[in-house]
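Protein sequence lines correspond, in order, to chains W and U. Everything in the first sequence is counted per our numbering, starting at 2 for the first residue and increasing by one. Everything in the second sequence is counted per our numbering, starting at 111 for the first residue and increasing by one. Idealized CB from N, CA, C, for every residue including glycine. All values reported here derive from a predicted model rather than from experimental measurement.
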Amino acid sequence: MNSLPADIGGPGLYAVEFGDIVNYFTPYTAVLFVFALVFTALAIASRPERQVDIIFGGDGYYTKDIEPAKLGFQRFMAIACGLATLGAVVSGDVFNFTLFTSMVGITNIGIVAAYTNRHVLNAAFQYGIVAMIATVPLFGGAAIILATTGTLSMWELFGPAIAVPLIAKAFLILGVMGEGMAPFYVAKAEITRAPGAPYVLMIHVSSLLLFLRVTEIVLSM
Amino acid sequence: MKPEGQGSLISRISRELSNYDYLAAVYALLVIVVTIVGVLTLPFLSYEDGQIYGKHIDRQSPLDPYDRGGTPFNATIVHAQYPENSPTLGYVTAYLTPLSQFFADTTQHLGTTIVAHPGGIIDEILYNTRGLDTVVESSILFVAFAIAAYLFRRGAV
Chain W
2 MNSLPADIGG
12 PGLYAVEFGD
22 IVNYFTPYTA
32 VLFVFALVFT
42 ALAIASRPER
52 QVDIIFGGDG
62 YYTKDIEPAK
72 LGFQRFMAIA
82 CGLATLGAVV
92 SGDVFNFTLF
102 TSMVGITNIG
112 IVAAYTNRHV
122 LNAAFQYGIV
132 AMIATVPLFG
142 GAAIILATTG
152 TLSMWELFGP
162 AIAVPLIAKA
172 FLILGVMGEG
182 MAPFYVAKAE
192 ITRAPGAPYV
202 LMIHVSSLLL
212 FLRVTEIVLS
222 M
Chain U
111 MKPEGQGSLI
121 SRISRELSNY
131 DYLAAVYALL
141 VIVVTIVGVL
151 TLPFLSYEDG
161 QIYGKHIDRQ
171 SPLDPYDRGG
181 TPFNATIVHA
191 QYPENSPTLG
201 YVTAYLTPLS
211 QFFADTTQHL
221 GTTIVAHPGG
231 IIDEILYNTR
241 GLDTVVESSI
251 LFVAFAIAAY
261 LFRRGAV
């Protein structure tokens, strides 16, 4: 078996082989994996939050009716998003990573698309367009990497022998930005007004973990 | 405190960015800038000749563009990044079911329907060495259909 290069991710701990696609754990990706696992378990186990609106300037408040049965689809999408995040943070293959990333983007849209709040849907619409545009730089980056280096395996790309062009890295980061929406907190602030906290929070967790992972990939290449 | 929209340059940019209606436009601008840089640096990129997933296009073959050569039940040479992970690589890539063989003998377009008939072309790069990619692609399609079905059944808001 190939030995892992000593890299910013730390020494390799464990590898899961799927043919040419080798998922591997380093201390760095293992931490990300555990985070994603914990939040996926939370999405599976927890009941949705109950929101309380306080009337400004008085003692009155009203609680919103949240029926867990109506949030079944959000829970399904949150679990799918967690599983996609799990796959993305331990992936050892650039194209496999981009596929998991675009799956995270689609499940994020699924989480927010199921709400009926107009503000949330307006923000989700803009986010959906960004996620769709983002597939072009995302897969374009992977395609440029394959064309200029001849391989997609991260173990090969992380080695000193192969130089990955800067533009491919830029495309990759841009694609993850759009899919995970890491820097676009404007739409996220609107989206989190939706009820059902553990499911909506999966959007934040997945984009944060994806961005940490792509940072490691780009710095290592 | 200056009135709305008349602060410093940074506060004006910040105020524009806080409107999520501009989100797609801002992102598209980023993509355009990086793409222009990419087009300008394109002459400095060189195509790597030693491709791990090399492709030979043979327009005369009915299996085009998935013709990997070889005969069934013999080991066909299929390059892999980690051959030790795929010990049986190359044994089924040339196999066609009788129905697929019939299509391959009678038409020139079997390669365009890689999975659209029983058997199909069992491309080992798609289904063996890079099989996890195919699984994830199907999962993405499944999630997208699930969202569409949910929204369709929910009806108008």
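Check your understanding: Looking at the unbroken alpha helix (DSSP H) that takes in residue 216 of chain U, where does it start and where does it end?
Key -> Sequence index remark: in the second sequence, residue 216 of chain U carries index 106 (1-based). Residues 208 to 216.
Point to revise | Cross-strand partners of residue 19 of chain W (DSSP beta bridge) | key: The sequence position of residue 19 of chain W within the first sequence is 18, counting from 1. Per the DSSP secondary-structure output, residue 19 of chain W pairs in a beta bridge with W:22.
Check your understanding: At what residue ranges does the region 115 to 197 of chain W contain a whole run of the alpha helix (DSSP H), taking only runs of 4 or more?
Key -> 119 to 150, 155 to 158, 167 to 181 and 186 to 192
Check your understanding: Thinking C-alpha only, which one of W:51, W:75, W:26 and W:99 is nearest residue 172 of chain W?
Key -> Residue mapping note: residue 172 of chain W aligns to position 171 of the first sequence, counting from 1. Ranking W:51, W:75, W:26 and W:99 by Cα distance to residue 172 of chain W puts W:99 first.
Point to revise | Check whether residue 221 of chain U and residue 231 of chain U have beta carbons under 8 Å apart | key: The residue labelled residue 221 of chain U in the question sits at position 111 within the second sequence. The residue labelled residue 231 of chain U in the question sits at position 121 within the second sequence. It is a contact, given that the beta carbons lie within the stated cut-off.
Review point. CB-CB under 7 Å to residue 11 of chain W, same chain, minus the five flanking residues each way: which ones, in chain order?
Key: Start at 1 with the first residue of the first sequence, and residue 11 of chain W comes out as number 10. These residues qualify, in order along the chain: 27, 28 and 29.
Check your understanding: Can you pull the DSSP bridge partners for residue 64 of chain W?
Key -> For this step, residue 64 of chain W is matched to residue 63 along the first sequence. Here residue 64 of chain W is bridged, per DSSP, to W:53.
Review point. Residue 6 of chain W to residue 214 of chain W, Cα distance in whole Å?
Key: The count along the first sequence starts at 1 and reaches residue 6 of chain W at position 5. The count along the first sequence starts at 1 and reaches residue 214 of chain W at position 213. With a pLDDT of 48 at residue 6 of chain W, under the threshold of 50, the predicted position of this residue should be treated as unreliable, though the coordinate-derived value follows. For residue 6 of chain W and residue 214 of chain W, the distance between alpha carbons rounds to 17 Å.
Exercise for review: Could you name the residues of the same chain whose beta carbon sits closer than 6 Å to that of residue 124 of chain U, not counting the 5 residues immediately before and after it, in chain order?
Suggested key: Counting from 1 along the second sequence, the entry for residue 124 of chain U is found at position 14. Counting only Cβ-Cβ distances below 6 Å, and skipping sequence neighbours, we find nothing.
Point to revise | Exposure of residue 125 of chain W, with buried meaning 16 or more beta-carbon neighbours within 10 Å | key: Walking along the first sequence from the start, residue 125 of chain W turns up at place 124. Residue 125 of chain W should be labelled buried.
Review point. According to DSSP, what are the bridge partners of residue 94 of chain W?
Key: Position 93 of the first sequence holds residue 94 of chain W. According to the DSSP secondary-structure assignment, residue 94 of chain W is paired through a beta bridge with W:154.
**Study point:** 8 Å Cβ cutoff met for residue 210 of chain W and residue 33 of chain W
**Key:** Translated into the one-based positions of the first sequence, residue 210 of chain W becomes position 209. Translated into the one-based positions of the first sequence, residue 33 of chain W becomes position 32. Closer than 8 Å, so yes.
Practice item. Compute the distance between the beta-carbons of residue 175 of chain U and residue 217 of chain U, then report whether it is under 8 Å. Key: The residue you call residue 175 of chain U lines up with position 65 of the second sequence. The residue you call residue 217 of chain U lines up with position 107 of the second sequence. When the beta-carbon positions are compared, residue 175 of chain U and residue 217 of chain U stay at least 8 Å from each other.
**Study point:** residue 223 of chain U at chain A interface by Cβ criterion, 8 Å
**Key:** No chain A appears in the structure shown, which is made up of the protein chains W and U.
Review point. What is the DSSP secondary structure of residue 184 of chain U, reduced to helix, strand or coil?
Key: Position 74 of the second sequence holds residue 184 of chain U. DSSP places residue 184 of chain U in coil when its eight states are reduced to three.
Point to revise | Simplified DSSP assignment, three categories, for residue 165 of chain U | key: Taking the second sequence and counting its residues from 1, the one referred to as residue 165 of chain U is at position 55. In the three-state scheme derived from DSSP, where H, G and I count as helix and E and B as strand, residue 165 of chain U is classed as coil.
Check your understanding: Secondary structure at residue 195 of chain U, three-state DSSP: helix, strand or coil?
Key -> Position 85 of the second sequence, counting from 1, holds the residue named residue 195 of chain U. Residue state, collapsed to three classes: helix.
Review point. Got a sec: is the Cβ-Cβ distance from residue 100 of chain W to anything in chain U below 8 Å?
Key: For the purposes of this step, residue 100 of chain W is identified with residue 99 of the first sequence, where counting begins at 1. Yes, because at least one Cβ of chain U sits closer than 8 Å to the Cβ of residue 100 of chain W.
Exercise for review: Whole angstroms is fine: what's the gap from residue 168 of chain U's alpha carbon to residue 220 of chain W's?
Suggested key: Counted from its first residue, the second sequence places residue 168 of chain U at position 58. Counted from its first residue, the first sequence places residue 220 of chain W at position 219. Those two C-alpha atoms are separated by around 40 Å.
Check your understanding: Using a C-beta cutoff of 8 Å, does residue 215 of chain W count as contacting chain U?
Key -> Along the first sequence, read from residue 1 onward, the residue named residue 215 of chain W stands at position 214. False, the Cβ-Cβ gap to chain U never drops below 8 Å.
Exercise for review: Given a cut-off of 8 Å, decide if residue 199 of chain W and residue 175 of chain W are closer than it, judged by their beta-carbon atoms.
Suggested key: Reading the first sequence from its first residue, position 174 is the one you call residue 175 of chain W. Reading the first sequence from its first residue, position 198 is the one you call residue 199 of chain W. Taking 8 Å as the Cβ cut-off, residue 175 of chain W and residue 199 of chain W do not qualify as a contacting pair.
Practice item. Output the boundary residues of the alpha helix (DSSP H) element that contains residue 241 of chain U. Key: Taking the first residue of the second sequence as 1, we reach residue 241 of chain U at position 131. Element bounds for residue 241 of chain U: 241 to 264.
Review point. Residue range of the alpha helix (DSSP H) that residue 145 of chain U falls in?
Key: Locating residue 145 of chain U in the second sequence gives position 35, counting from the first residue. 133 to 151 is the extent of the alpha helix (DSSP H) around residue 145 of chain U.
Check your understanding: When the distance is taken between beta carbons, is residue 65 of chain W closer than 8 Å to residue 51 of chain W?
Key -> Position 50 of the first sequence holds residue 51 of chain W. Position 64 of the first sequence holds residue 65 of chain W. The answer is yes: Cβ separation under 8 Å.
**Study point:** Option nearest residue 148 of chain U by Cα separation, candidates W:155, W:113, W:145 and W:162
**Key:** Residue numbering aside, residue 148 of chain U sits at position 38 when the second sequence is read from its first letter. The residue with the shortest Cα to Cα distance from residue 148 of chain U is W:145.
Point to revise | Closest by C-alpha distance to residue 159 of chain U, when choosing among W:147, W:217 and W:180 | key: Working through the second sequence from its first residue, we reach residue 159 of chain U at position 49. The shortest Cα separation from residue 159 of chain U among W:147, W:217 and W:180 belongs to W:147.
**Study point:** Between the CA atoms of residue 187 of chain U and residue 149 of chain W - distance to the nearest angstrom
**Key:** The sequence position of residue 149 of chain W within the first sequence is 148, counting from 1. The sequence position of residue 187 of chain U within the second sequence is 77, counting from 1. Computed Cα separation, rounded: 23 Å.
Review point. What does residue 151 of chain W reach in chain U if we use C-beta pairs closer than 7 Å?
Key: Numbered from its first residue, the first sequence carries residue 151 of chain W at position 150. Neighbours of residue 151 of chain W on chain U, chain order: 158, 160, 161 and 162.
Review point. Is the region 13 to 23 of chain W in contact with the region 238 to 245 of chain U, if contact means three or more CB pairs nearer than 8 Å?
Key: yes
Check your understanding: Is residue 231 of chain U helix, strand or coil when you go by DSSP?
Key -> Position 121 of the second sequence, counted from the first residue, corresponds to residue 231 of chain U. Looking at residue 231 of chain U - three-state DSSP - the assignment turns out to be coil, as it is neither helix nor strand.
Check your understanding: In angstroms, rounded to a whole number, what distance separates the CA positions of residue 107 of chain W and residue 253 of chain U?
Key -> Taking the first sequence and counting its residues from 1, one reaches residue 107 of chain W at position 106. Taking the second sequence and counting its residues from 1, one reaches residue 253 of chain U at position 143. Their Cα atoms are separated by approximately 7 Å.
Point to revise | From W:113, W:60, W:181 and W:49, residue whose alpha carbon lies closest to that of residue 136 of chain W | key: Stepping through the first sequence from its first residue, residue 136 of chain W is reached at position 135. Checked all of W:113, W:60, W:181 and W:49; the closest Cα to residue 136 of chain W is W:181.
Practice item. For the region 182 to 196 of chain U, enumerate the residues whose C-beta is nearer than 8 Å to any C-beta of chain W, in chain order. Key: 190, 191, 192, 194, 195 and 196
Check your understanding: Taking C-beta to C-beta, are residue 42 of chain W and residue 14 of chain W nearer than 8 Å?
Key -> Indexing the first sequence from 1 puts residue 42 of chain W at position 41. Indexing the first sequence from 1 puts residue 14 of chain W at position 13. Not closer than 8 Å, so no.
Check your understanding: At a cut of 8 Å, does the region 155 to 164 of chain W reach the region 129 to 140 of chain U through at least three beta carbon pairs?
Key -> no
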